[in-house]
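Counting with the working numbering, you get residues 167 to 569 for the letters of the sequence shown.
Working notes, structure below.
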Amino acid sequence: LAVVITELVALRWIVAVVAGPTGPTGPTARRAAPWLVLGAAVVLAVNPWAYETIAFDFHFEPFAALFCMAVGYCLWAGQIRRLRWLVPLALACHVLAGTYLVGIGLSGMLAGRRTRRPGAVIAMVGLVWFVVFSTLGASGDDGHYVGASYGYLAGPHHGRVGVFDVVAGVLRHPGAALHVAGSHWSVVVIFLVIVGMIGVVSPWGFGMALVVLGPNVLDGSGIFIRFATAFQSWPAMPFLVVGSVMMVLRLLEHGPAARRIVIVAVAVWAALLGEIAVVALPSIPRDWLSVDAAAAAVLTRVQAMVPPDAEVISTGAVIGRFAERRSIYNFETAGETFRVDRGEVVFIFTPHEVLDDALPPRAADAAVAFVSHRLGARVLGSAAGVDAFAWTPPPGTTRVRLP
């Protein structure tokens, strides 16, 4: 619901751009305006990042994106009074909403004199919000970021990485930051192709692209920028679609040569968008709805055999039905170590049902063999691609490491 309403706000903004008093004046731009609105609606409807965002587990980024989209539209439209309640609603959703508002405020400052002062206020409010609550430990892991993602910017033996460590690391090691950002170029290009790419140079697309895509491309692990975690990049996409429409209209006002460039660019972009959508959209239900009826039946039988207070360690594709337990861990990577905090530990492995290919089948098979033979766990079920075991840890056991 949040994603769809965000798209509707973006479409309303685009309609206001093409039909409002500051809309296109030239005959070519006026004729193209309805087609641009239709094209934007198609882009929003077939955008694979939107569907992947919806498919992912619950995060507040899409809700922050909704209110930030409304903030951007009202700032552009001069509806300043509405910002008094939209900005707090955005900030209440997520600490990262502070960075989003910095981007929107920057866009307002770049867009012109009318939006410069309120944009500066919004940017300052967002920056203060993000810095204060990050310092208090309300972002990341107790105010720190994942070492695997940004530790390279802080250098060896960095310990826990905070926001100031990341900023200082970019300034001290620009080469390392550029190298990591360059390693994600293909994902970024695909992302930008979907929304029109040209929106990056629009004032209203640039700000959100900077504050959303910037930290994501600097992630050394690649988790934040990849398609499987589309919710991390989603807040920038509606702004880039709006910005692309604005830039196309501007180019259409600049003579025949510019119009020919726009026609060729739009044709190439539409072909690439269609190809990406055809490839990516069918993969989403395959990735997220991959467990068949036979495996589901085995999981149902196993679930009834798991004691209420047992710890569960499960592969990601089937962890959802066990997720309300007090002690639940996701087996994501080979060689992972888990805390043992219950008198009984239940392992659920689905070697051939994994999300985003994060865990190779051979790693899951190795874990099955380890739990069965090395730990001597008893079998709760082994059929239809599901292997479930119950293990009673020896007294004093606090950790278990899967191969």
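All residues carry an ideal CB built from backbone N, CA and C; glycine is no exception.
Between which two residues does the beta strand (DSSP E) harbouring residue i extend?
i: Thr558; result: No beta strand (DSSP E) contains Thr558, which DSSP labels as neither H nor E.
Between which two residues does the alpha helix (DSSP H) harbouring residue i extend?
i: Gly264; result: 263-277
i: Arg567; result: Note, Arg567: premise wrong, no alpha helix (DSSP H); beta strand (DSSP E) at 565-567.
i: Gln469; result: 459-471
i: Leu344; result: 340-349
i: Gly371; result: 369-374
i: Met235; result: 227-243
Run through DSSP, which three-state label would residue i get?
i: Val552; result: strand
i: Leu575; result: Examination of residue 575 is not possible in this model, given that the chain is present from 167 through 569 alone.
i: Val545; result: strand
Using C-beta distances below 7 Å, list every residue in its chain close to residue i, excluding the 5 sequence neighbours before and after it, in chain order.
i: Pro569; result: Ala500, Gly501, Ala532, Ala533, Phe536
i: Val359; result: Trp435, Leu438, Leu439, Ile442
i: Leu293; result: Gly264, Val268
i: Arg146; result: The displayed coordinates of the chain run from 167 to 569. Any statement about residue 146 would go beyond what the structure contains.
i: Trp370; result: Gly238, Trp242, Ser273, Ala277, Phe405, Val408, Gly409, Met412
i: Met403; result: Asn213, Trp215, Val361
i: Ala556; result: Glu510, Val512, Ala543, Arg544, Leu546
i: Arg492; result: none
i: Asp475; result: Arg508
i: His350; result: Val383, Gly388, Ile391
Quick check on residue i: buried or exposed, where buried means 16 or more other Cβ atoms within 10 Å of its Cβ?
i: Gly244; result: exposed
i: Met363; result: buried
i: Asp331; result: buried
i: Gly461; result: Checking the displayed sequence, the identity of residue 461 turns out to be Ala instead of Gly. Ala461 should be labelled buried.
i: Ala530; result: buried
i: His345; result: exposed
i: Ala258; result: exposed
i: Leu249; result: buried
i: Leu455; result: exposed
i: Val457; result: buried
i: Leu465; result: buried
i: Leu418; result: buried
i: Thr563; result: exposed
Leaving out the 5 sequence neighbours to the left and right, which residues in its chain are closer than 8 Å to residue i when beta-carbon positions are compared?
i: Tyr266; result: Ala230, Ala231, Cys234, Ala256, Gly292, Met374, Val377, Val378, Pro401
i: Val183; result: Gly189, Val408, Val411, Met412, Leu415
i: His225; result: Phe397
i: Ile450; result: Pro214, Tyr217, Glu218, Ala221
Ignore the nearest five residues each way along the sequence and tell me which others in residue i's own chain have a CB closer than 6 Å to its CB.
i: Gly386; result: Ser315, Tyr318, Val346
i: Gly335; result: Leu319, Ala320
>> Restricting to runs no shorter than 3 residues, where is the beta strand (DSSP E) found entirely within the region 479-531?
In response: Here the runs fully enclosed are 494-497, 503-505, 511-515.
> What are the complete alpha helix (DSSP H) segments, minimum 4 residues, inside the region 378-453?
Replying inline: As far as the region 378-453 is concerned, its whole alpha helix (DSSP H) runs of at least 4 residues are 380-383, 403-418.
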